[in-house]
Amino acid sequence: MTCRQGKLRLQKWYITRELVQTVLARKPKMCSFLEWRDLKIVYKRYASLYFCCAIEDQDNELITLEIIHRYVELLDKYFGSVCELDIIFNFEKAYFILDEFLLGGEVQETSKKNVLKAIEQADLLQEKTETISVLSNIKS
Amino acid sequence: MLNRKGRRWGADACVVGFSGGGVGAEFGDPLRERMVVPSLKLQDLIEEIRGAKTQAQEREVIQKECAHIRASFRDGDPVHRHRQLAKLLYVHMLGYPAHFGQMECLKLIASSRFTDKRVGYLGAMLLLDERHDAHLLITNSIKNDLSQGIQPVQGLALCTLSTMGSAEMCRDLAPEVEKLLLQPSPYVRKKAILTAVHMIRKVPELSSVFLPPCAQLLHERHHGILLGTITLITELCERSPAALRHFRKVVPQLVHILRTLVTMGYSTEHSISGVSDPFLQVQILRLLRILGRNHEESSETMNDLLAQVATNTDTSRNAGNAVLFETVLTIMDIRSAAGLRVLAVNILGRFLLNSDRNIRYVALTSLLRLVQSDHSAVQRHRPTVVECLRETDASLSRRALELSLALVNSSNVRAMMQELQAFLESCPPDLRADCASGILLAAERFAPTKRWHIDTILHVLTTAGTHVRDDAVANLTQLIGGAQELHAYSVRRLYNALAEDISQQPLVQVAAWCIGEYGDLLLAGNCEEIEPLQVDEEEVLALLEKVLQSHMSLPATRGYALTALMKLSTRLCGDNNRIRQVVSIYGSCLDVELQQRAVEYDTLFRKYDHMRAAILEKMPLVERDGPQADEEAKESKEAAQLSEAAPVPTEPQASQLLDLLDLLDGASGDVQHPPPLDPSPGGALIHLLDLPCVPPPPAPIPDLKVFEREGVQLNLSFIRPPENPALLLITVTATNFSEGDVTHFICQAAVPKSLQLQLQAPSGNTVPARGGLPITQLFRILNPNKAPLRLKLRLTYDHFHQSVQEIFEVNNLPVESWQ
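If you want it as structure tokens, here you go:
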């Protein structure tokens, strides 16, 4: 299972562009699933963002909706009432959060608390190393 | 929880402050040298890009920035490298090239700073993959980072490895990952497990490395580890039957874990809407499905649990329904008890009534998969399925359509067809074709009566005529042709439909054909099944002419109309001037096909008028099988085989024919019994009629008068079609210029053994007095060896109240008839 967020992770630009256009063409009252090439696409719209997930034939669409929702919840908790701009200006953070929730396309952690804790620890470590390097630069 | 909103990269602020914000190149200053050009902060760049009003402007901004980034990479500025790469990654996300950042990823990953590693690894995941040789170079860094024991760093390394790790990398690093499976920290272990999943996908042989630890891992209580382990086991089982057999023994353990989750509300930390860790539940159910498939014992072990989950899961929110859905999938795939299967189908039936259309969607999809194997269980939900036809969402109504079609059987066909036809009238255009052909197919299989069948097809043609498949026309003409008792009914209904709308081509074609064939019934005006309608000849002709002239009519349709007009010349009572006029007009039509027909018909009027009735008689029922038969049926130029006027007595004829043959020298045997039905008579007449139109025609063989007695004459005319030199067509024409009618006229023939003779049924057996309509009959003779032709004829008829019999050999047969 691979997860592609609305405007992020555009690994293969031309393919994803077509997919994005297909998703954007969907009317609001339609169901969250569509077939695209030989994949099933699950998407959900939150305000101005579309979150799309490509799954295989045997995967469960309904649980995929839960996965998308969990990810949005994580973003929301991290940024505090997340909006699109947050994600645009902190795109690398969005990636880091995703990488604590999914790994290699599979769910790695089902506890919201644990995911957020892991990010927090990484952010702390980053701050620590930056402070150290600044201090060392000043000294030299 | 710290609020990260608007927080910028801490290092940037310090560095900028340190450099004093110098702008422009200034040599000589050791501090300034490091920052020849001030680099934008990531968020400033993003703002600038978003500020661009046009695509061209955006490109300009990005190109400028990329030039700076390139320069910075060249200069090898380690301090800002991570920021430069971050900007590059953003730009890459927008679709611009970023390959020149690949090596920078390596440098950042190799750095000891966490900030660098974070961005470097992200860059590796976004920019590097197996196609680039550079990707192998990070293997060493990953190896180092995995062994350093700093958890966030290990996390980064594992994440990257499981995203872009190539087969080679996986082989190299498998031992490291294996070690991490058993490390104390669950944070690292859960990631290591999922990395192992990726490694097995890339290098299946590594299964042997990662299979053994699974048993122990399954005893863990940490959800992340459990989840990863079950995913790993699933992957192993899917790849290897041996692994599958091996892991069947953990079924009881899996059952236990799931039961605990379901009953004890394992931990609120993992619950969603009152359902305990639905992610884990779903994953366990999936593994159970794989293990229970085709295996009685395992299936039995999980039966109770599945029933429990199916009945106890809270279905008020999506999370619960997701678990329920997976349960249903598992029940249907393993060897479950019948009662459990019915329960599963009923759950799907309930899903169909759910207000959430996503739930209805998965229900329809699943029911579609089950409709063959569990047909009667799915049938119970037919009314609900039919309701779903009214869905506004096309992907739902499509599935509802497929499922509805699959549920049609002989007992519900009338009701279902009503629903489906209503659907056809209002469904979105992309579903029309499937709906139309589905209805036609179902009608074919389950039609309770022929009339119902005809009505159904008619309705489809009027509603969705442009969407039906090509063979619908042929099928309908076949169907109507075969239902003799419904000819009057069919032609009336088709006439009415045509009068209303001449745009739907398949309908027009069938209607034209029918009117041509059964025009006489149309005008007769009496049909109990519909209201009597007075149609007069002029109206009918006018309608057909309208079709001919309409710009909406396809060339094929025009062909049908023209042929129908032609047929009506023998069905209608009035004079044929109008028809003849139309026919001659189309003789100069630009469309070659139409022109050819028109010319042929015109010739039929002018030179072969005596044959016209025979040629245009009602068609026999064509055999259903080959498309070839259908085409010839459409041609409608066969000599009548089912003519009511001349019952052909085959028995006595055969014996008399033998007598006839005895009279010829050495001409016994090789008796051709006059066939009541010629399978491809059309061919002969086509050749006959082709003659005037095919340039250049061979010199025609002169006719031969072979018999005369008291005003009754017999004439032979010969044709040898140029494309088949072995074939000789003889038309025998019996004329009567006497004062008395000739009745019960029968003509028989015999030829030498080396030739093959086929007699077609005569156009009639009465020749009225004083030059009344002659009888014509066609003989087909195959003479591949060009043997000399000899022909013996036997005539019997009544004339002047006397029986006449004449037997004679034809003399003076022209040599061109056989050489």
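Line by line, the protein sequences give chains A and B.
Taken in order, the first sequence gives residues 1 to 140; the numbers are from the working numbering.
Taken in order, the second sequence gives residues 1001 to 1819; the numbers are from the working numbering.
Even glycine gets a Cβ: it sits at the ideal position worked out from N, Cα and C.
DSSP three-state label for residue 1737(B), please. coil
Within 10 Å of its beta-carbon, does residue 1428(B) have 16 or more other beta-carbons around it, so buried, or fewer, so exposed? It counts as exposed.
Since residue 1767(B) sits in a beta bridge, which residues does DSSP pair it with? Beta bridge pairing from DSSP links residue 1767(B) with 1742(B).
Indicate whether the contact test is met: 3 or more Cβ pairs, each with one atom in the stretch 46 to 64 of chain A and one in the stretch 1081 to 1096 of chain B, closer than 8 Å. no
Please tell me whether residue 1362(B) has its Cβ less than 8 Å away from any Cβ of chain A. Yes, residue 1362(B) lies at the interface with chain A (some Cβ there is under 8 Å from its Cβ).
At a Cβ cut of 7 Å, what residues of the stretch 1591 to 1614 of chain B count as close to chain A, listed as they run along the chain? Going along the stretch 1591 to 1614 of chain B in chain order, one finds no residue with a Cβ nearer than 7 Å to chain A.
Local conformation of residue 1113(B) per DSSP, three classes: coil
Using beta-carbon positions only, say whether residue 1743(B) and residue 1766(B) come within less than 8 Å of one another. Cβ distance < 8 Å, so residue 1743(B) and residue 1766(B) count as in contact.
What is the C-beta distance between residue 1456(B) and residue 1472(B), in whole angstroms, given that I count them as a contact (C-beta under 8 Å)? With 8 Å as the limit, residue 1456(B) and residue 1472(B) do not qualify as a contact, their Cβ atoms being about 12 Å apart.
How long is the line joining the alpha carbons of residue 1764(B) and residue 1726(B), rounded to whole angstroms? 28 Å
Within the continuous beta strand (DSSP E) that includes residue 52(A), where are the two ends? Note, residue 52(A): beta strand (DSSP E), 49 to 55.
When you compare only the Cα positions, how much space is there between residue 1711(B) and residue 1733(B)? Per the coordinates, the alpha-carbon of residue 1711(B) lies some 13 Å from the alpha-carbon of residue 1733(B).
Assuming residue 1334(B) is part of the beta strand (DSSP E), what are its boundary residues? Residue 1334(B) -> no beta strand (DSSP E), and no H or E assigned at all.
Distance check for residue 1474(B) and residue 1626(B), CA to CA, integer angstroms please. Residue placement at residue 1626(B) is poorly supported in this model, since its pLDDT is 41, which falls under 50; the coordinates are not used for a value here.
Are the stretch 1111 to 1131 of chain B and the stretch 1069 to 1086 of chain B touching, with three or more C-beta to C-beta distances below 8 Å? yes
Find out if the Cβ-Cβ distance for the pair residue 19(A), residue 52(A) is shorter than 8 Å. yes
Between which two residues does the alpha helix (DSSP H) harbouring residue 69(A) extend? 61 to 79
Helix or strand or just coil, what does DSSP make of residue 1751(B)? coil
Is the stretch 1321 to 1336 of chain B touching the stretch 1278 to 1292 of chain B in the sense that three or more CB pairs, one from each, lie closer than 8 Å? yes
Could you tell me which residues DSSP puts in a beta bridge with residue 1569(B)? Looking at the DSSP assignment, residue 1569(B) forms no beta bridge with any residue, so it has no partner.
Interface residues of chain A facing residue 1114(B) [CB-CB closer than 7 Å]: Simply 125, 126, 129.
Does the contact criterion of 3 or more C-beta pairs under 8 Å hold for the stretch 65 to 79 of chain A versus the stretch 1390 to 1401 of chain B? no
In chain order, what residues of the same chain lie with their CB nearer than 7 Å to the CB of residue 1740(B), ignoring the 5 residues before and after it? 1769, 1799, 1800
Using DSSP with H/G/I as helix, E/B as strand and the rest coil, what is residue 45(A)? Residue state for residue 45(A) is assigned as strand, using DSSP reduced to three classes.
According to DSSP, is residue 1617(B) helix, strand or coil? coil
If we cut at 8 Å on Cβ distances, does residue 1427(B) have a partner in chain A? no
Can you name the residues of chain A whose CB is closer than 9 Å to the CB of residue 1395(B)? What residue 1395(B) touches in chain A: 30, 31, 33, 34, 35.
For residue 1043(B), go through chain A and note every residue whose CB falls closer than 7 Å to its CB, in chain order. 89
Does the contact criterion of 3 or more C-beta pairs under 8 Å hold for the stretch 1171 to 1182 of chain B versus the stretch 1122 to 1134 of chain B? No: fewer than three Cβ pairs fall under 8 Å.
Do residue 1304(B) and residue 1345(B) have their CB atoms nearer than 8 Å? Not closer than 8 Å, so no.
Whole angstroms are fine: how far does the CA of residue 1387(B) sit from the CA of residue 1372(B)? 21 Å
What residues in the stretch 60 to 75 of chain A have a beta carbon less than 7 Å from any beta carbon of chain B? Those residues of the stretch 60 to 75 of chain A that come within reach of chain B (Cβ to Cβ, closer than 7 Å) are 60, 61, 62, 63, 65, 66.
Is it a yes or a no for the stretch 75 to 87 of chain A touching the stretch 1296 to 1313 of chain B, going by three-plus beta-carbon pairs under 8 Å? no
Checking 8 Å against the spacing of the C-beta atoms, do residue 1433(B) and residue 1381(B) come in under that value? Taking the C-beta atoms as reference points, residue 1381(B) is found no nearer than 8 Å to residue 1433(B).
Going by C-alpha distance, which of 135(A), 22(A), 88(A), 101(A) is nearest residue 74(A)? 101(A)
Going along chain B, which residues have a C-beta under 9 Å from residue 92(A)? 1042, 1086, 1089, 1090, 1118, 1119, 1122
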